[in-house]
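Participant: My numbering numbers the first residue of the sequence shown as 109 and each following residue consecutively.
Ideal Cβ placement from N, Cα and C applies to all residues, glycine included.
Since the model is a prediction, treat every value here as computed from it, not as a measurement.
This is the structure I want to talk about, given as structure tokens.
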Amino acid sequence: MRAVFTGVVMTALLGFSTALAATKLSPAEIQSTFFTGQAFTAATTSGTKFTLTFMPDGKVTRAPQDKAGAKGEGTWKLSKDGFCTTWKGSKANCYTLVNIEKNKWSVVKGATTVAVWSK
Numbered sequence: 109m110r111a112v113f114t115g116v117v118m119t120a121l122l123g124f125s126t127a128l129a130a131t132k133l134s135p136a137e138i139q140s141t142f143f144t145g146q147a148f149t150a151a152t153t154s155g156t157k158f159t160l161t162f163m164p165d166g167k168v169t170r171a172p173q174d175k176a177g178a179k180g181e182g183t184w185k186l187s188k189d190g191f192c193t194t195w196k197g198s199k200a201n202c203y204t205l206v207n208i209e210k211n212k213w214s215v216v217k218g219a220t221t222v223a224v225w226s227k
């Protein structure tokens with residue numbers, strides 16, 4: 109009886125975790141969701157919050173929401189797996205975007221989450 113109960117619980121937990129599994133956005137989904145000229149919030153892993161605006165013409169701006177962080181301008185482009193940004197005075201960095209919950213996405217470089225976007 110205990111083995112049957114454990115099996116049922118494990119099956120339920122696996123189903124639950126699959127329902128919450130993170131989903132990687134395609135480059136087209138990233139563009140249609142975020143690169144529309146509408147501002148949204150980005151938070152670094154250290155907690156600094158910015159307002160980001162990705163324009164359809166390939167330009168991007170960031171504005172800090174508090175005293176931490178710096179204003180910035182740059183460009184974006186889609187890549188094979190996600191997108192790349194180049195901020196003035198910096199080299200290009202490329203990322204993937206993973207939906208982690210409703211209206212919340214992880215910005216991932218390699219295997220590391222570098223920020224969380226929310227709408």
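Measuring only the C-alpha atoms, how far is Q146 from K196?
Facilitator: Roughly 21 angstroms between the two C-alpha positions.
Participant: For G123, name the three-state secondary structure that DSSP assigns.
Facilitator: Reliability of the predicted coordinates at G123 is poor, the pLDDT of 41 falling under 50, and no value is obtained from them.
Participant: Classify G228 as buried or exposed, calling it buried when 16 or more other Cβ atoms lie within 10 Å of its own Cβ.
Facilitator: Absent from the model: residue 228. The displayed extent of the chain is 109 to 227, so no value can be given.
Participant: Which residue marks the beginning of the beta strand (DSSP E) containing F142, and which one marks its end?
Facilitator: Unbroken run through F142 is the alpha helix (DSSP H), P135 to F142; no beta strand (DSSP E).
Participant: Tell me whether G190 is buried or exposed, calling it buried when 16 or more other Cβ atoms sit within 10 Å of its Cβ.
Facilitator: Classification of G190: buried, given that the 10 Å Cβ count is 16 or more.
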